[in-house]
Structure formats: structure tokens, C-alpha cells
Amino acid sequence: MNGPAEMLAADKASTALGIEPVELRDGYAVLRMAVTELMLNGHGIAHGGYVFLLADSAFACACNRAGSVTVAATAEIDFIRPVHAGDELVAEAVERTRFGRSGIYDITVRRGTEVVAEFRGRSRTLRA
């Protein structure tokens, strides 16, 4: 594993959705994604799975470092506001703590300055 930028570039799901890095560094990541019509559910708002995927991708970038492979152990999301086609979402992932091979990360998803979702992920670094 090279690092979060290389991991994201190889992530077919994230790149297919147009997810782009804004800032990547150890323990921190900011990604953005434009919401398209194809991402809407039957209520005409963004399907929560797409919002989750953006947050999860930011989580992965924040918890992976060069030379390690780290995966999600658990994750949960709170959807706060509906998201619509044409919205640009930005997910900011922040490492809260690392202990042993585990870590806890908080990810805030925003539309402009408005918070639309809060995500918490717990990571586990795999042994080589």
C-alpha cells in the first residue's frame, strides 16, 4: 500500500462517482462529490448510500498511511438534512484517536457550511 492518494486513485467505486481529493494527510482527509440525478432515491433526494460512500471514502483516506492496510471495523452515520441533485458535498475526516491497530474517526459531510451528515468510523490495521 502506497498511501491514501494512490488508494483513492485505485478505488473504482469512488472514482466512478467523481469523488475527488481536496486534502490528504495522515489522520485527515477532505473529499468532494457532486450529487447527480442518478444518485436520487424514490423521494427525489440523494440516496443515503451515496452520502455514506463519500464519508466512508474520506474515512479510508484518513486512516490509511503509506505502508499499511487499514479497513473499517464498524461505521455509522446520522443523516441530518436531505441532499439534492446539483449539491456539492464535502466530507472532512478527522482522526480522533489511534490505539494499537485500531482507530476512531469522525467525518462531517457538508453542503457549503451546512452539515448534512455525521459519520463515525472505527478502523483496524491489518497485519502484513
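In the numbering used here, the protein residues as written are 2 to 129.
Don't be surprised by glycine CBs; every beta carbon is placed ideally from N, CA and C.
Predicted, not measured: the structure shown is a model, and the values here were computed from it.
Return helix, strand or coil for residue i, following the three-state DSSP convention.
| i | result |
| --- | --- |
| residue 59 | helix |
| residue 16 | helix |
| residue 5 | helix |
| residue 49 | helix |
| residue 10 | helix |
Return the Cβ separation of residue i and residue j in integer angstroms, given the expectation that the two are a contact with Cβ distance under 8 Å.
| i | j | result |
| --- | --- | --- |
| residue 88 | residue 36 | 5 Å |
| residue 103 | residue 74 | 7 Å |
| residue 106 | residue 96 | 6 Å |
Is residue i near the ligand GTP, in the sense that its beta carbon is under 7 Å from a heavy atom of that ligand?
| i | result |
| --- | --- |
| residue 123 | Questions concerning the ligand GTP fall outside what the structure shown contains, since it holds no ligand whatsoever. |
Distance, Cα to Cα, residue i vs residue j?
| i | j | result |
| --- | --- | --- |
| residue 69 | residue 4 | 8 Å |
| residue 52 | residue 61 | 14 Å |
| residue 47 | residue 6 | 26 Å |
| residue 114 | residue 100 | 32 Å |
| residue 9 | residue 58 | 8 Å |
| residue 34 | residue 54 | 10 Å |
| residue 90 | residue 39 | 15 Å |
| residue 112 | residue 63 | 20 Å |
| residue 65 | residue 93 | 15 Å |
| residue 45 | residue 117 | 16 Å |
| residue 42 | residue 85 | 10 Å |
| residue 121 | residue 56 | 9 Å |
Using DSSP bridges, identify the partner residues of residue i.
| i | result |
| --- | --- |
| residue 105 | 98 and 123 |
| residue 78 | 120 |
| residue 21 | 33 |
| residue 71 | 126 |
| residue 92 | 32 and 110 |
Review point. On the three-pair Cβ rule with 8 Å, is the segment 71-84 touching the segment 21-29?
Key: Result no; under three Cβ-Cβ pairs closer than 8 Å.
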